[in-house]
Amino acid sequence: MKARGWLIYEEEHAKKNKAFIEWFLDEAKELDIELDFILQSRISFGIQNNELVILLDQESVDSPDFVIMRNIDPLFNEQLERMRIPCFNSHHVSVICNDKARTHQYLAGKGISMLDTYFMEADELLTGNLPLPMPFIIKTRTGRGGGDVFMVENIEQLEAVHAQLSARSIILQPLAGSPGKDLRVYILGSEVVWAVLRSNKNSFKANYTLGGQASVYSLNETELIVVNKIIEQFDFGLVGIDFLFDEDGRLLFNEIEDVVGCRTLCVTSDINIVKRYLEFILQKLGLGGEPT
Numbered sequence: 000m001k002a003r004g005w006l007i008y009e010e011e012h013a014k015k016n017k018a019f020i021e022w023f024l025d026e027a028k029e030l031d032i033e034l035d036f037i038l039q040s041r042i043s044f045g046i047q048n049n050e051l052v053i054l055l056d057q058e059s060v061d062s063p064d065f066v067i068m069r070n071i072d073p074l075f076n077e078q079l080e081r082m083r084i085p086c087f088n089s090h091h092v093s094v095i096c097n098d099k100a101r102t103h104q105y106l107a108g109k110g111i112s113m114l115d116t117y118f119m120e121a122d123e124l125l126t127g128n129l130p131l132p133m134p135f136i137i138k139t140r141t142g143r144g145g146g147d148v149f150m151v152e153n154i155e156q157l158e159a160v161h162a163q164l165s166a167r168s169i170i171l172q173p174l175a176g177s178p179g180k181d182l183r184v185y186i187l188g189s190e191v192v193w194a195v196l197r198s199n200k201n202s203f204k205a206n207y208t209l210g211g212q213a214s215v216y217s218l219n220e221t222e223l224i225v226v227n228k229i230i231e232q233f234d235f236g237l238v239g240i241d242f243l244f245d246e247d248g249r250l251l252f253n254e255i256e257d258v259v260g261c262r263t264l265c266v267t268s269d270i271n272i273v274k275r276y277l278e279f280i281l282q283k284l285g286l287g288g289e290p291t
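For the sequence shown, the positions run 0 to 291 when numbering that gives the first Met the number 0 is used.
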């Protein structure tokens, strides 16, 4: 049976990821998968005649066998799953991992080292009730790709961040032991696919898209134990787990990227991550053998 799937993006990120989308469509053809690229804006969903429904361009549509969700919309992920349409990544992954506060809260107490992390509203920043001294890092709970991350060293910077993030939900953290350096570990299902060290001499943000450098990183046994502790808490499709480093070079959990970018994986390896992801999905649907 030929599998039918949807690859969903929102418009802004679709424009930035044209090559990645074409890669998905090309590999799907090779695997005899009928994969349609669909903008989220074409989809309406809710309840019609007392039943859950998904409309495409305001019309009823046959349900796909699976959805690869490259947009962040946990409610839509849940709608799909309630209609028994497998979604990669799942609603559980989406709702936890796209919220930095929820992610830290969920993983706390599970033997995973992380920075002290405080959950606040940006409008509380000037009340004088700050849970840690400057300098510290402020992140919005839902920021992606290094966006909405600020280092605050004095009251003037605090006031500027407050003005910029007014009414946003945020987290506060102390600086890590090695600013400007982090580690991304690519995960497919329960498998560690690749690890990339990202560094930036000119910023405390190490993101590759913000000018950082990327190089292959070999995880040692202790680090693999930490990574696997996180994997055990989720049923992942394809994600990136990001770590910082403490003063002694040990891993500190940072965040999980649900809609993970694969640029650093592609520039540091020849892994065909899209083919492997599609093969993984077929295997999960019971339509293929073990992924290669």
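All C-beta atoms in this analysis are idealised placements derived from N, C-alpha and C, irrespective of residue type, glycine included.
Quick caveat, the model's predicted, so the values are computed rather than measured.
Here Val258 is buried: its Cβ has 16 or more other Cβ atoms, across all protein chains shown, within 10 Å. Boundaries of the alpha helix (DSSP H) around Tyr105: 99 to 106. Between Leu182 and Asp241 the beta-carbon gap is near 7 Å, inside 8 Å, which marks them as a contact. Restricting attention to Gly127, Tyr8, Ile71, the CA atom closest to the CA of Val94 is found in Ile71. The C-beta of Leu34 has 16 or more other C-beta atoms within 10 Å across all chains shown, which makes the residue buried. As for any beta strand (DSSP E) of minimum length 3 sitting wholly inside the region 123 to 169, the runs are 135 to 139, 148 to 151, ordered along the chain. In the structure shown, Phe252 adopts extended strand secondary structure according to DSSP, grouped into three states.
Taking the Cα of Ile46 as reference, the smallest distance to any Cα among Trp22, Lys28, Leu74 is reached at Leu74. The beta carbon of Ala27 sits closer than 7 Å to those of Leu34, Leu277, all from its chain and outside the five residues before and after it, given in chain order.
Distance from Leu187 to Phe279 at the Cβ level is roughly 6 Å; contact confirmed, criterion being Cβ atoms closer than 8 Å. Annotated as distal: Thr141 and Val215, with beta-carbon spacing of 8 Å or more. Leu174 and Met133 have their alpha carbons spaced roughly 9 Å apart.
When secondary structure is reduced to three states using DSSP, Lys17 falls in the helix class. Secondary structure of Leu74 (DSSP, three-state): helix. Rounded to whole angstroms, the Cβ separation of Val60 and Leu54 is 7 Å, and the two are in contact under 8 Å.
When DSSP states are grouped into helix, strand and coil, Asp25 belongs to the helix group.
Nearest neighbour of Ser43 by Cα position, chosen from Asn97, Glu21, Ile7, turns out to be Ile7. Your pair Ile136 and Met150 checks out as a contact, with CB atoms roughly 6 Å apart and the cut at 8 Å. Take the alpha-carbon of Val160 and the one of Arg3: they are about 46 Å apart.
The bridge partners DSSP lists for Gly45 are Val52. Cβ neighbours of Ile169 within its own chain (closer than 6 Å, five residues either side excluded): Met119, Ala121, Ile137, Thr139. Residue Asp115 holds the alpha-carbon nearest to the alpha-carbon of Asp245 among Asp115, Phe19, Val192. As the crow flies, the alpha-carbon of Val192 is around 10 Å from that of Gly239. Closest in C-alpha terms to Asn76, from the list Leu157, Ser62, His91, comes His91. Met0 sits exposed, since fewer than 16 C-beta atoms from the chains shown fall within 10 Å of its C-beta. For the options Tyr117, Gln156, Ser189, Leu79, the alpha carbon positioned closest to that of Ser62 is the one of Leu79. Shown here, Phe279 sits in a helix according to DSSP, grouped into three states. Annotation: Asp234 to Ile154 spans about 42 Å, alpha carbon to alpha carbon. In terms of CA proximity to Arg167, Ala100 leads the group Ala100, Ile37, Asn227. From the listed residues Asp147, Ile67, Leu284, Ser112, the smallest Cα separation to Val226 is found for Ser112. A check of alpha carbon separations from Leu131 across Arg143, Leu171, Leu125, Leu106 identifies Leu171 as the nearest.
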